[in-house]
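K.L.:
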């Protein structure tokens with residue numbers, strides 16, 4: 072079917088124009104007179120003078136987690152342990168005894184007590200419900216005593232794989248399809264027309280496939296499956312592009328792998344989860360299948376391992392985050408030419424405390440402009456539900472530098 076959008080102000084000229092679309096592709100852009108030739112042949116949409124921009128692609132989002140977050144306890148902005156406990160109590164009041172309470176978004180850097188919440192805190196708020204609360208970075212979480220008993224574990228603070236396994240075990244599958252559809256419609260309302268969903272499970276793939284078969288997918292979805300999973304699904308609206316793996320953790324949990332120790336935790340250089348040889352082995356397997364490997368690398372030590380893998384001949388690699396890029400690594404990145412670097416501008420808002428983690432090294436964080444000037448292919452993304460899914464908030468952060476842009480150790 073042909074569509075003709077008339078009375079649109081196309082980004083760039085902003086004069087009243089006509090855009091003709093067929094088979095999901097833009098065929099022609101021209102003056103208002105262009106539309107006259109399509110009268111009777113196309114379905115017309117009147118933009119009524121609104122600005123028409125290209126569809127936005129979120130190149131790094133966790134679609135299923137974003138969907139599930141719509142029903143979970145939101146803890147972003149909580150300023151004290153007591154406020155966090157009250158939020159848990161409010162959810163307990165509308166939950167059945169024994170029902171899991173799942174929340175996300177707390178940040179110990181914002182808490183008045185300046186510490187992680189612990190099981191004892193959650194026990195006071197929810198003695199009869201198992202509770203798991205994810206840190207804002209989604210690389211760490213805390214559980215209460217009831218949750219430890221149900222999960223068969225013996226510690227309340229969970230990091231990296233231990234945390235992911237706990238979340239996997241307690242996630243309910245009911246309502247997933249309706250939540251996924253709601254999430255994608257919300258993304259579409261922001262102007263997003265395509266997402267790259269990271270760490271995708273077979274559950275997520277099957278839900279999306281079911282929606283596709285019924286003609287209900289409102290946006291294009293490109294999946295990067297969790298390590299070890301595979302699918303040959305390829306299509307215009309839904310496709311499996313490859314796999315996603317982790318080379319390190321996050322700044323917030325102090326698990327991002329650094330060359331030098333953390334400024335606020337001497338002796339700790341984070342967690343290097345795989346070296347360049349292991350990355351290369353996975354990339355080689357995927358390349359034989361015509362697929363890509365997305366590698367999470369936040370710290371400079373992890374990023375260097377990814378660069379080594381690219382330098383050894385694997386150009387089917389895309390880098391996720393590349394948050395800390397000293398000059399020598401930026402130069403090597405520019406020479407290595409990864410498939411893409413997916414960056415998250417909104418980190419400059421929520422990582423306002425980064426100077427305490429990195430000290431003077433913070434000047435090498437989030438060097439988006441330098442990446443562009445070096446000719447690297449970078450793509451903006453949200454990493455939602457870690458950060459807000461609304462792309463306009465990320466675009467604002469990219470322009471202003473967020474909280475870090477206004478700090479004494481500002482990003483330029």
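Residue numbers (our numbering): 72 to 483.
Glycine residues also receive a C-beta, built at the ideal position from the N, C-alpha and C atoms.
#1: Could you tell me whether the Cβ atoms of residue 271 and residue 249 are closer together than 8 Å?
#2: Three-state secondary structure (DSSP) at residue 392?
#3: For residue 342 versus residue 323, is the C-beta distance shorter than 8 Å?
#4: Measure the alpha-carbon distance for residue 378 versus residue 140 and round it to whole angstroms.
#5: Sort out for me which residues DSSP pairs residue 177 with in a bridge.
#6: Helix, strand or coil for residue 77 per DSSP?
#7: Alpha carbon to alpha carbon, how far is residue 148 from residue 307? Give it in angstroms, no decimals.
#8: Which residue from 423, 333, 292 puts its Cα closest to that of residue 128?
#9: Short of 7 Å in beta carbon distance, which residues of its chain neighbour residue 447, apart from the five on each side in sequence? Order them along the chain.
#10: Determine the extent of the alpha helix (DSSP H) in which residue 379 is found, giving its start and end residues.
#11: Who are the Cβ neighbours of residue 401 in its own chain at under 8 Å, not counting the five residues just before and after it?
#12: Starting from residue 465, follow the alpha helix (DSSP H) in both directions and report where the run begins and ends.
#13: With a threshold of 16 other CB atoms inside 10 Å of the CB of residue 398, please say whether the residue is buried or exposed.
#14: Residue 260 to residue 336, Cα distance in whole Å?
#15: Going by Cα to Cα distance, which pick from 387, 395, 89 is closest to residue 407?
#16: Which residues bound the beta strand (DSSP E) around residue 312?
#17: When we look at the beta-carbon of residue 452 and count the other beta-carbons within 10 Å, is it buried (16 or more) or exposed?
#18: So, for residue 302: in the same chain, excluding its five sequence neighbours on each side, which residues have a beta-carbon less than 7 Å away from its beta-carbon?
#19: Looking at residue 316 and residue 353, is the spacing between their C-beta atoms short of 8 Å?
#20: Roughly how many angstroms separate the alpha carbons of residue 285 and residue 159, rounded to a whole number?
#21: State buried or exposed for residue 172, treating a residue as buried only when at least 16 other CB atoms are found within 10 Å of its CB.
#22: Please name the residue, chosen from 83, 434, 89, 97, that lies closest to residue 72 on a Cα-to-Cα basis.
#23: Run the CB neighbour count on residue 273, radius 10 Å, all protein chains shown included, and call it buried at 16 or more, exposed below.
#24: Give me the Cα-Cα distance between residue 244 and residue 313, rounded to the nearest whole angstrom.
#25: Does DSSP classify residue 112 as helix, strand or coil?
#26: Applying the criterion that 16 or more other CB atoms from any shown protein chain within 10 Å of the CB defines a buried residue, is residue 81 buried or exposed?
#27: Quick check on the DSSP output: what are the complete beta strand (DSSP E) runs of length 3 or more inside the region 225-285, in order along the chain?
#28: Does the distance from the CB of residue 182 to the CB of residue 150 come in under 8 Å?
#29: Could you check what DSSP says for residue 320 in three-state terms: helix, strand or coil?
#30: On a CA-only basis, which of 155, 362, 318 is nearest residue 350? Give me that one, please.
#31: So residue 133 and residue 268 are supposed to be a Cβ contact under 8 Å. How far apart are they, rounded?
#32: For residue 369, count neighbouring Cβ atoms within 10 angstroms of its own Cβ and tell me buried if that reaches 16, exposed if not.
#33: Within the same chain, show all residues whose beta-carbon is closer than 8 Å to that of residue 143, passing over the 5 residues directly before and after it, in chain order.
#34: Could you tell me if residue 191 is buried or exposed, where buried requires 16 or more neighbouring beta carbons within 10 angstroms of its beta carbon?
#35: Please name the residue or residues paired with residue 336 in a DSSP beta bridge.
#36: Closer than 7 Å by C-beta to residue 226: which residues in its own chain qualify, once you throw out the five before and the five after it? Chain order, please.
P.N.:
Reading from the atomic positions:
#1: No, the pair does not count as a contact, with Cβ atoms beyond the cut-off.
#2: Residue 392: strand per DSSP, three-state reduction.
#3: Against a cut-off of 8 Å, the Cβ pair of residue 323 and residue 342 comes out as no contact.
#4: Approximately 33 Å, taken between the alpha carbons.
#5: According to DSSP, which records beta bridges pairwise, residue 177 is partnered with 206.
#6: DSSP places residue 77 in strand when its eight states are reduced to three.
#7: Their Cα atoms are separated by approximately 39 Å.
#8: Closest option to residue 128, Cα to Cα, is 292.
#9: Taken in chain order, the residues that qualify are 404, 405, 412.
#10: Residue 379 -> alpha helix (DSSP H) spans 371-382.
#11: Counting only Cβ-Cβ distances below 8 Å, and skipping sequence neighbours, we find 438, 441, 442, 445.
#12: Per DSSP, residue 465 is one residue of the alpha helix (DSSP H) stretching across 462-471.
#13: Result: exposed.
#14: Taking the straight line joining both Cα atoms gives about 42 Å.
#15: Residue nearest to residue 407 within the set 387, 395, 89 is 387 (criterion: CA-CA distance).
#16: From DSSP, the beta strand (DSSP E) with residue 312 extends over 309-317.
#17: Buried, by the Cβ-count rule.
#18: Contacts found: 276, 296, 311.
#19: Residue 353 is a Cβ neighbour of residue 316, given a cutoff of 8 Å.
#20: For residue 285 and residue 159, the distance between alpha carbons rounds to 38 Å.
#21: The residue is buried, with at least 16 neighbouring Cβ atoms inside 10 Å.
#22: Answer by Cα proximity: 97.
#23: Counting the other Cβ atoms within 10 Å of the Cβ of residue 273 gives fewer than 16, which makes it exposed.
#24: Confidence is the limiting factor: at residue 244 the pLDDT is only 48, short of 50, which leaves the residue's position unreliable, though a coordinate-based value still follows. A direct Cα-Cα distance of roughly 24 Å separates residue 244 from residue 313.
#25: The DSSP-derived three-state label of residue 112 is coil.
#26: With 16 or more other Cβ atoms within 10 Å, it is buried.
#27: Taking only runs of at least 3 residues, the beta strand (DSSP E) segments lying wholly in the region 225-285 are 228-230, 263-271.
#28: Less than 8 Å separates the beta-carbon of residue 182 from that of residue 150.
#29: If DSSP states are grouped into helix, strand and coil, residue 320 belongs with coil.
#30: Closest in alpha carbon position to residue 350, among 155, 362, 318, is 318.
#31: At roughly 7 Å, the Cβ-Cβ gap stays under 8 Å, so residue 133 and residue 268 are in contact.
#32: Residue 369 is buried by the Cβ-count criterion.
#33: 173, 174, 175.
#34: So residue 191 counts as exposed.
#35: Residue 336 is bridged to 333.
#36: Hits under 7 Å: none found.
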